[in-house]
Amino acid sequence: MHRVNSHTAPLLAVSGVQANLNQLAKAAGKLYFGSATDNGELSDSAYTAILSNSNEFGQITPGNTQKWQYTEPSEGSYSYTQGDVITSFAEANGQILRCHNLVWYEQLPSWVSSGTWTNATLTAVIQAHIASEVGHYKGQCYAWDVVNEALNDDGTYRADVFYNAMGPSYIPIAFAAAAAADPAAKLYYNDYNIEYAGSKATAAQSIVKLVQAAGARIDGVGFQGHFIVGSTPSASSLTSVLNSFVSLGVEVAYTEVDVRFTSLPPTSAGLQQQASDYGSVVSACLAVSKCVGVTVWDFDDQYSWIPSTFSGQGDACLYWANLTVKPAYYTISSILAAAATKTAISSTAKSTATAVTTTTSKASTTTSQAATTSTAAHWAQCGGVGWTGPTVCTSPYTCQKQNDYYSQCL
Ligand code: G3I
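Residue numbers for the sequence shown follow UniProt numbering, beginning at 1 and rising by one.
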């Protein structure tokens, strides 16, 4: 009996939504649940009170200040002061860093974007930039977005300053330079509209192969995940695309997730749809063991990039601007809690089976009965494809279908 209690303890620790997103993601086997942030926002103490909680966000991405325009504003003159503010924040709070980014056609200093380059001169510039920046942050970054958004939506290469001078060769050159400067950092290609099958996803796979064929190291592909409410791919479609990249030998992550409304204000049905869409993204990552985590591109609407880029659109984040949570928060915390519970049941069953090899597995039977006969709590998962947990909700809640993959006690 004592054995049963000790094995069921992990279940209790991750049940319900008292636990936070990162805590649940880790219990479900992921490396992190994270958020982007930016320097200006860090003076908002109500905001940082949430962001600094590593149970909620276990990973931070600097939204701007590691980009080239900030870090090498004039040739050979490097400045990491602003980037360091974010990395120090993450380190003070015990949060993993995804570092972002090294080679991107936007937010370049004009000396790069308007320069006149040959293949040789721009190669040297890329190598010097990466050697300095990756060298500066050596040992601090779990991952680097080495090349960002090299593709047009039709899958052709973006004719930016790098491509125009060097063709696609700038990509493996950048990866090789990053690998030399920090052998421990995971090196990612990062892009949007590659989350679903199509010519752009296929072209991103070709980039992975291009880097591999050049003998350079590429460890991961980042799927930005800037989605629209009601147009987000299903969990199964997202999962199959993640798997098609994993089969190339790389890990994957959702790196910049938000789900925006194209017209405002949202209806309550719209908020449920947004919750379901966020749920699809998290479910897809959970379904793929080589998907290491999910990062939102900031967690509250006040600091979202959407309204300034897409006029009249927004409310894309997990939290409202006043820092209260949306239904999407509960949906993903429930999905993560359900996955964490499954992980705990499965590891409990495994360890129990090992412990009782010479006797009848009474403890194991008791544990699995407890897992399958209990009711699901408010907000918890209660159904969906592949779901083997409780399908009845604790009174007064009822099990409501969110999508084929997820029903929730509401
Ligand atoms: O820092 C200046 C400030 O001095 C000035 O007063 C102000 C006036 O507009 O602009 C400030 O710079 C802005 C910068 O964000 C910092 O806030 C730029 O105008 C603005 O264009 C820039 O937007 C960033 C955008 O990348 C640039 O393309 C967003 O914050 C940032 O969230 C966004 O992030 C990108 C990822 O890096 C790559 N994937 C897409 C994602 C969303 O666009």
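Cβ atoms here follow ideal geometry from the backbone N, Cα and C, with glycine treated the same way.
Verify the contact flag: residue i, CB atom, against every heavy atom of the ligand G3I, threshold strictly below 7 Å.
i	result
Asp38	yes
Gln224	yes
Asn193	no
Gly83	no
Gly220	no
Asn64	yes
Thr295	no
Thr309	yes
Trp144	no
Glu106	yes
Trp305	yes
Glu133	no
Glu256	yes
His100	yes
Asn20	no
Asn93	no
Asn148	yes
Looking only at its own chain, which residues have a Cβ that is under 7 Å from the Cβ of residue i, when we skip the five neighbours before and after it?
i	result
Thr391	Cys382, Gly383, Cys399
Ser395	none
Ile207	Ala150, Ile171, Tyr189
Val252	Gly220, Val221, Phe223, Leu242, Phe245, Val246, Val288, Lys290, Cys291
Thr71	Tyr78, Ser79, Tyr80, Gly83, Glu133
Arg217	Phe175, Ala179, Leu187
Ala177	Ile126, Gln127, Ile130, Ala131
Val282	Val294, Ile332, Ile335, Leu336
Thr123	Met166, Ile173
Output needed for residue i: all residues of its chain with C-beta closer than 6 Å, excluding positions within five of it in sequence on either side, in chain order.
i	result
Ala376	Cys382, Pro390, Cys393, Cys409
Tyr47	Glu41
Ser54	Asn93, Gly94, Gln95
Thr343	Ala28, Gly29
Asn64	Asp38
Pro307	Gly314
His129	Glu72
Lys401	Ser407
Ala25	Phe33, Leu336
In this structure, how does DSSP classify residue i when only helix, strand and coil are distinguished?
i	result
Val392	coil
Asp182	coil
Gly135	helix
Leu108	coil
Leu410	coil
Leu336	helix
Ala377	coil
Thr193	Note that residue 193 is Asn in the sequence shown, not Thr. Of the three classes helix, strand and coil, the one that applies to Asn193 here is coil, per DSSP.
Leu210	helix
Gln127	helix
Asn322	coil
Thr309	helix
Ala143	strand
Tyr188	strand
Gln224	coil
Gln95	coil
Ala120	helix
Counting only C-beta atoms, is residue i closer than 8 Å to chain D at any point?
i	result
Tyr329	No chain D appears in the structure shown, which is made up of a single protein chain.
How about residue i: is its Cβ closer than 7 Å to a heavy atom in the ligand MN?
i	result
Asn152	No copy of the ligand MN occurs in the structure displayed; its ligands are the ligand G3I alone.
Using a Cβ-Cβ cutoff of less than 8 Å, which residues in the same chain neighbour residue i once the five nearest sequence positions on both sides are dropped?
i	result
Arg158	Tyr105, Glu149, Ala150, Leu151, Asn152
Pro327	Leu271, Gln272, Gln274, Ala275
Ser74	Pro109, Trp111
Leu248	Gln205, Val208, Lys209, Gln212
Gly139	Asp182, Ala184
> Given 8 Å as the limit, is there contact between the stretch 156–167 and the stretch 227–244, that is, 3 or more CB pairs closer than that?
Replying inline: no
>> Check whether the stretch 212–224 and the stretch 241–258 touch, using three or more Cβ-Cβ pairs below 8 Å as the test.
In response: Using a C-beta cut-off of 8 Å, the stretch 212–224 makes contact with the stretch 241–258, since at least three inter-stretch Cβ pairs fall below that distance.
> Which ranges would you report for the beta strand (DSSP E) in the stretch 230–299 if only whole runs of at least 3 residues count?
Replying inline: 251–260, 291–296
> What beta strand (DSSP E) runs, 3 residues minimum, are completely inside the stretch 17–93?
Replying inline: 32–37, 59–62
> So does the stretch 187–197 actually touch the stretch 144–156, counting three or more Cβ pairs closer than 8 Å?
Replying inline: yes
> At what residue ranges does the stretch 149–177 contain a whole run of the alpha helix (DSSP H), taking only runs of 4 or more?
Replying inline: Counting whole runs of 4 or more residues, the stretch 149–177 contains the alpha helix (DSSP H) stretches 161–166.
> If we count Cβ pairs, one from each stretch, closer than 8 Å, do we get three or more for the stretch 313–322 versus the stretch 294–305?
Replying inline: yes
> Given 8 Å as the limit, is there contact between the stretch 201–215 and the stretch 266–280, that is, 3 or more CB pairs closer than that?
Replying inline: no
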